[in-house]
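Let me begin by presenting the structure, written as structure tokens, before commenting on it.
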Amino acid sequence: MSASTKQTHRRDGALVLVLLVLALLGSMRLYTLAQGGVGLDFYQFWAVGRAIQLSPITDIYSADGRSIVAARMAALAVEQPQQARLGAAVAARPELELFASPLFYAAYGLLARLDYERAHWLHFWLSLFAGFAAVALWGRMLGYRLAMLAAALAVYYVAFAPLAADVSVGNSNQLQMLLLALAGWALLARGPLVRDVGAGLVLGLAALFKPTLALVPLLLIGSRLFERRWSAAARLALGCALGLPLAAALAYPLLGSVECWAQWISGLGALGPSTMRWQAGNYSISLLLGKISPLARAVWQTQVLAALLYVLWRRARRGSAAPVNARGQRDLLLIALGPLALILLSPLAWSHYYLLCAPLVLWLFAPLSVRGVALPKMRIVLAAVGLGLLCLPLLLAPLGLAWYEGFGYCIAALVLVLSCLADRPTSA
């Protein structure tokens, strides 16, 4: 090894070390954020499991069921005055909004075996690990060099505003990012059973865990239909279908019946204008356009769907005869694009939902790790703009410009979609 090569390696090693230290400092800031908050979203997730452990509830999604859970938590806060964080959460959220799936509450019911303080911190550390593992796994799948992966982690922990939003309320988006990464890892496998059925099972469970991921398996199945890969589409659909009985079985021990799924779907009707408010942090373009006119929202949603169909069509043009690994890499785009597309379509898009833009940002910057290949410059520039817009709220909030957050997120989502469309058909 020449002296210049050794010097380059030392310089790269020092850069990686500095970036990882920055990422560590960013995670410490998140710890401080979690320490000062009560985790209002996590409180609702935890409260369902704890309330049912005290005594079964017939229908947690009904108005009576929500009142029972809230009353039991208020009584628990009085019985345990030493649980200051629980008392603060009960005071801040006297009325509960229980709209998550039975599988979601069953998963969080495991944490409800702990008191609120310990559950709060266990959830924080599990989420932090899930976010780290997700970014690392996405970087590994996309061929990131070590320095680029360290840079991605530094930006993610130091400047990515949706991550701070997720941690401040104690939501589950970091866990969802890991589920998407695991599905992507399965799709890069060589065996068709693991690649399609296994990925379908993970995505089916992920969609039933949190419907914000529901568009991902639909896009992947649709892409196989566009390419006339009928058997691959059938295997993926089979994997998703297998997730249904498995999810029902996993939710049964906590909720005690399979009727909870119908109750959940019925309870979604309670999502009304009072719940979906821009001022409360619901930064949805569809919601904003719907306030102008239903026609404007319909036109917008039609355009988003047309863009998705264009991505599928262009992907099919590249040919189903491509190597398995090449097809898997293109599948990663659909996995990353699915959550963002649903954010653009749905009238419900909380600020922490935009954390699910991270996989797409990683996918868009992946060409920077490939040496000797012409860079898609427009794609990189647009991706940088989108990433910048997602980071700006952390810088502008101390300046009293918090109003920017919602509009910045919406514009960032648009720019990221445009960057996908700017990708040249000849690129991988």
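For the sequence shown, the working numbering begins at -13 and goes up steadily by one. Glycine included, every Cβ here is placed at the ideal spot set by N, Cα and C. The structure presented is a predicted model; accordingly, all values stated were derived computationally and were not measured.
Distance between residue j and residue i (C-alpha atoms, nearest Å)
{"i": "residue 139", "j": "residue 42", "result": "43 angstroms"}
{"i": "residue 141", "j": "residue 9", "result": "7 angstroms"}
{"i": "residue 279", "j": "residue 341", "result": "28 angstroms"}
{"i": "residue 454", "j": "residue 175", "result": "This structure leaves residue 454 out entirely; the chain is present only between -13 and 414."}
{"i": "residue 384", "j": "residue 268", "result": "21 angstroms"}
{"i": "residue 411", "j": "residue 296", "result": "Low confidence applies here, because residue 411 scores a pLDDT of 43, under 50, leaving its location unreliable and the question unanswered by this model."}
{"i": "residue 103", "j": "residue 393", "result": "34 angstroms"}
{"i": "residue 263", "j": "residue 348", "result": "30 angstroms"}
{"i": "residue 319", "j": "residue 375", "result": "21 angstroms"}
{"i": "residue 194", "j": "residue 379", "result": "31 angstroms"}
{"i": "residue 111", "j": "residue 100", "result": "15 angstroms"}
{"i": "residue 109", "j": "residue 373", "result": "27 angstroms"}
{"i": "residue 119", "j": "residue 343", "result": "16 angstroms"}
{"i": "residue 300", "j": "residue 54", "result": "52 angstroms"}
{"i": "residue 105", "j": "residue 214", "result": "47 angstroms"}
{"i": "residue 114", "j": "residue 338", "result": "14 angstroms"}
{"i": "residue 321", "j": "residue 58", "result": "40 angstroms"}
{"i": "residue 401", "j": "residue 253", "result": "34 angstroms"}
{"i": "residue 145", "j": "residue 129", "result": "23 angstroms"}
{"i": "residue 217", "j": "residue 25", "result": "45 angstroms"}
{"i": "residue 190", "j": "residue 227", "result": "7 angstroms"}
{"i": "residue 245", "j": "residue 223", "result": "24 angstroms"}
{"i": "residue 181", "j": "residue 127", "result": "14 angstroms"}
{"i": "residue 12", "j": "residue 143", "result": "5 angstroms"}
{"i": "residue 270", "j": "residue 282", "result": "14 angstroms"}
{"i": "residue 169", "j": "residue 158", "result": "17 angstroms"}
{"i": "residue 45", "j": "residue 199", "result": "25 angstroms"}
{"i": "residue 186", "j": "residue 230", "result": "11 angstroms"}
{"i": "residue 420", "j": "residue 255", "result": "Shown here, the chain extends from -13 to 414; a query on residue 420 therefore has no answer."}
{"i": "residue 225", "j": "residue 317", "result": "16 angstroms"}
{"i": "residue 148", "j": "residue 292", "result": "27 angstroms"}
{"i": "residue 183", "j": "residue 315", "result": "17 angstroms"}
6 angstroms Cβ shell around residue i - same chain, five flanking residues per side excluded
{"i": "residue 92", "result": "236, 237, 240"}
{"i": "residue 116", "result": "160, 161, 164"}
{"i": "residue 298", "result": "208, 209, 212"}
{"i": "residue 287", "result": "331"}
{"i": "residue 219", "result": "207, 210, 211"}
{"i": "residue 395", "result": "269, 340"}
{"i": "residue 234", "result": "244"}
{"i": "residue 294", "result": "327"}
Cβ neighbours of residue i in the same chain (closer than 8 angstroms, five flanking residues each side left out)
{"i": "residue 96", "result": "35"}
{"i": "residue 60", "result": "76, 80"}
{"i": "residue 408", "result": "362, 364, 365, 368"}
Close-in-space but distant-in-sequence residues of the same chain around residue i (CB under 7 angstroms, 5 per side omitted)
{"i": "residue 290", "result": "327, 330, 331"}
{"i": "residue 336", "result": "267, 268"}
{"i": "residue 71", "result": "24, 102, 103, 106"}
{"i": "residue 250", "result": "47, 87, 88"}
{"i": "residue 232", "result": "191"}
{"i": "residue 404", "result": "368"}
{"i": "residue 346", "result": "322, 323, 326, 402"}
{"i": "residue 123", "result": "167, 171"}
Any non-hydrogen atom of the ligand FMN within 7 angstroms of residue i CB
{"i": "residue 238", "result": "Ligands are entirely absent from the displayed structure, and the ligand FMN is therefore not among its contents."}
Review point. Using 8 angstroms as the threshold, is the region 16 to 30 in touch with the region 72 to 87, meaning 3 or more CB pairs across them?
Key: yes
Exercise for review: Would you mind listing the alpha helix (DSSP H) stretches within the region 324 to 392 that are 4+ residues and don't spill past its ends, in chain order?
Suggested key: If we require 4 residues or more, the alpha helix (DSSP H) runs fully inside the region 324 to 392 come out as 344 to 351, 363 to 382.
Exercise for review: With a floor of 4 residues, list each alpha helix (DSSP H) that falls wholly inside the region 138 to 200, ordered by position along the chain.
Suggested key: Here the runs fully enclosed are 147 to 155, 159 to 173, 185 to 195.
Exercise for review: Decide yes or no for the touch test of the region 205 to 214 against the region 338 to 356: beta carbon pairs closer than 8 angstroms, at least 3 of them.
Suggested key: no
Point to revise | alpha helix (DSSP H) runs wholly inside the region 221 to 305, at least 4 long, in chain order | key: Scanning the region 221 to 305 from its first residue to its last, the whole alpha helix (DSSP H) runs of 4-plus residues come out as 245 to 253, 271 to 278, 280 to 303.
Review point. Which runs of the alpha helix (DSSP H), 4 residues or longer, sit entirely within the region 13 to 78?
Key: Along the length of the region 13 to 78, whole alpha helix (DSSP H) runs at least 4 residues long occupy 26 to 40, 49 to 65, 70 to 78, reported in chain order.
Exercise for review: State whether the region 148 to 155 contacts the region 18 to 26, with contact taken as three or more CB pairs (one from each stretch) at a distance under 8 angstroms.
Suggested key: Yes, since at least three Cβ pairs between the region 148 to 155 and the region 18 to 26 fall closer than 8 angstroms, the two stretches touch.
**Study point:** Stretch pair the region 168 to 187 + the region 40 to 54: three plus CB contacts closer than 8 angstroms
**Key:** Between the region 168 to 187 and the region 40 to 54 there are fewer than three inter-stretch CB-CB distances shorter than 8 angstroms, so the stretches are not counted as touching.
**Study point:** Touching by the beta-carbon criterion (3+ pairs, under 8 angstroms), the region 368 to 375 and the region 128 to 136
**Key:** no
Check your understanding: Pairing CB atoms from the region -3 to 7 with CB atoms from the region 54 to 69, are three or more of them under 8 angstroms?
Key -> no
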